Amino acid sequence: MTTSSIHDEPLATEPECPELYQVVVQCDSEDQQRELYQEMHQRGLPCKLLML
1 MTTSSIHDEP LATEPECPEL YQVVVQCDSE DQQRELYQEM HQRGLPCKLL
51 ML
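With full-length UniProt numbering, letter number 3 in the sequence shown gets 3, and the count goes up by one each step, no holes.
Now the structure itself:
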């Protein structure tokens with residue numbers, strides 16, 4: 001175990017962060033967003049709808 005030299009306390013370890021690969025598509029309308037979401041969902045791809 002690694003310790004800090006100041007107080008001899010264990011150093012915090014960085015949490016594991018899995019790699020993510022994403023595609024962000026900018027839609028022209030809510031209707032287009034809905035259509036693309038439905039298409040990707042039907043293909044079995046996990047999707048999230050966002051409005052920024």
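For glycine and all other residues, C-beta sits at the position ideal for the given N, C-alpha and C.
Note that this is a predicted model, so its numbers are computed, not measured.
Through-space distance from residue j to residue i, alpha-carbon basis
{"i": "residue 48", "j": "residue 16", "result": "23 angstroms"}
{"i": "residue 42", "j": "residue 31", "result": "17 angstroms"}
{"i": "residue 29", "j": "residue 51", "result": "10 angstroms"}
{"i": "residue 10", "j": "residue 20", "result": "30 angstroms"}
{"i": "residue 27", "j": "residue 33", "result": "6 angstroms"}
{"i": "residue 8", "j": "residue 40", "result": "52 angstroms"}
{"i": "residue 14", "j": "residue 38", "result": "37 angstroms"}
{"i": "residue 45", "j": "residue 12", "result": "36 angstroms"}
Per DSSP, the bridge partner or partners of residue i
{"i": "residue 46", "result": "In the DSSP output, where bridge partners are listed per residue, residue 46 has none listed."}
Integer Cβ distance of residue i from residue j, believed to fall under 8 angstroms
{"i": "residue 25", "j": "residue 36", "result": "6 angstroms"}
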